[in-house]
Amino acid sequence: MTAALSAVWLAALAAAPARAAAPKTLNQILRSPGPEIRESSSVPANCVSFWRGLEALDMNALAATGGTTTPPAPGDCAPPEALSRQQKAYASACRPLFAAGPRGPDSAARLRALNDCLIPVFRYRCAVTGWVTRDQRPSQIADLRVLADRLVGGLIDPSAPPAQELETALRMMQLAPDFLGPAKIASAIATGLALQERDAAAKAELLKMAADAYAVAHSLAPQDLEVEEVGLIARSGGFADLERLKTDAKALAAAHPKAGVGFYYVGYSFWKKGDVEGARRNLKKAAQLQPGEARFVRTLKDLDAWRPGMPKEIFEADFNIDILKFLTP
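Each residue of the sequence shown is one higher than the one before, starting from 1 at the first, in the working numbering.
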């Protein structure tokens, strides 16, 4: 796995950073029509028309509350077993829009239906794209919509291998170096894999991938705290360098004085060094700044209840990316 990812990563780094005058975002790519579904052994004959309509669907037009665009109905499509659950969820959620006819429902009814239908449309379309292209490695795909579907579809599916999603994100970085989404997702996945990796060389390689992807994401969105939290973890060697973690976390707290995440990780560095009061002081600051952040409040409560001899793993790293942000305007 590591060698294959290294090859993709090196290719991404070597890619010429040709910047488009008006680069699209991952969100815009996900909402655009995709390539035509071609008849093949992987596409059931009774699903060709339905899947073509799904891939060609203009999500911006569908999401327009005053529009008349409707998602295609499954008809007699009998999908592969792997897609059966997603198609049932899609059909159930979007049925009011199927039944509205070519003129569509009135605005109020359409808005209610869209609230239930939009995410299932994305989920099922991503699953269809993944199924049709399942025999292709990301390095063999140049269509950004296909890669975006595979990336988001894999992140939604808990059974998808994280290494596969990382490879897809790296391929997107190679093709579209101005897109924040792939760099942000690559940094988070590489960091998560590194924290689970036991082989020292593989761990170091994954942390380098994470740090490099973070650098790209930070250059595109320097105020994004999801990006910055991943950067803290990656640059500290997966929490191995507590001094680096504390220094970077203090800098983050200074740069974002209204956010608690910097203080949270300063508190973590104190905690790992056995300074309970230093940890508590910074955790209180984090919770005061963001009382609605359940993680900060929960960790402070656990710290207050902690006594010598009890397990010490009470802090929670949180570098999961909110995928729904890429599915909404």
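Even for Gly, the Cβ is constructed at its ideal location relative to N, Cα and C.
In this text the structure is predicted, and so the values were computed from the model without any measurement.
Exercise. In whole angstroms, what separates the C-alpha of residue 136 from that of residue 58?
Worked result: Near 25 Å, if we compare the C-alpha coordinates of residue 58 and residue 136.
Exercise. Residue 53: which of 37, 63, 61, 44 sits nearest, CA to CA?
Worked result: The option with the nearest alpha carbon to residue 53 is 37.
Exercise. Using a C-beta cutoff of 8 Å, does residue 216 count as contacting chain B?
Worked result: Protein chains in the displayed structure number just one, and chain B is not present.
Exercise. Whose CA, out of 56, 31, 44, lies closest to the CA of residue 64?
Worked result: Just measuring C-alpha positions, the residue of 56, 31, 44 sitting nearest residue 64 is 31.
Exercise. Among 112, 120, 115, which has the Cα closest to the Cα of residue 87?
Worked result: Closest option to residue 87, Cα to Cα, is 120.
Exercise. Quick one, which of 160, 314, 141 has its alpha-carbon nearest residue 267's?
Worked result: Comparing Cα positions, the closest option is 314.
Problem set entry | Cutoff 6 Å; reference residue 271; Cβ partners in own chain excluding five residues on either side | Hits under 6 Å: 279.
Exercise. Just the Cα atoms here: how many angstroms apart are residue 33 and residue 305?
Worked result: In this model, residue 33 and residue 305 are separated by some 53 Å (Cα to Cα).
Problem set entry | Cβ neighbour criterion (16 or more within 10 Å) applied to residue 344 | With the chain running from 1 to 329 in the structure shown, residue 344 is simply not present.
For this session: Helix, strand or coil for residue 173, going by three-state DSSP, please let me know.
Result: For residue 173, the secondary structure class from DSSP, reduced to helix, strand or coil, is helix.
For this session: Give the single residue among 290, 236, 289, 275 whose Cα lies nearest to the Cα of residue 303.
Result: Comparing Cα positions, the closest option is 275.
Problem set entry | 6 Å Cβ shell around residue 269 - same chain, five flanking residues per side excluded | Cβ contact annotation for residue 269 (same chain, cutoff 6 Å, sequence separation greater than five): 242, 245, 246, in chain order.
Exercise. Apart from the five residues on each side of it in sequence, which residues of its chain come closer than 8 Å, Cβ to Cβ, to residue 124?
Worked result: So the qualifying residues of the chain are 54, 83, 86, 87, 89, 90.
For this session: Measuring alpha carbon to alpha carbon, tell me which of 210, 75, 114 ends up nearest residue 96.
Result: Considering only alpha carbons, the answer is 114.
Problem set entry | Distance, residue 134 Cα to residue 43 Cα | The straight-line gap from Cα to Cα measures roughly 12 Å.
Exercise. Within 7 Å: the Cβ of residue 295 and any heavy atom of the ligand NAP?
Worked result: Questions concerning the ligand NAP fall outside what the structure shown contains, since it holds no ligand whatsoever.
Exercise. Where does residue 62 land, buried or exposed, given buried means 16+ other C-beta within 10 angstroms?
Worked result: Of the other Cβ atoms in all chains shown, 16 or more fall within 10 Å of the Cβ of residue 62; this residue is therefore buried.
Exercise. Would you say residue 193 and residue 158 are within 8 Å of each other, going by their C-beta atoms?
Worked result: For the 8 Å CB-CB criterion, residue 193 and residue 158 do not form a contact.
Exercise. Between residue 56 and the rest of its own chain, which residues show a CB-CB distance below 8 Å, the 5 nearest in sequence each way excluded?
Worked result: Within the same chain, 33, 34, 36 come within 8 Å of residue 56 by CB-CB distance, once the 5 residues on both sides are set aside.
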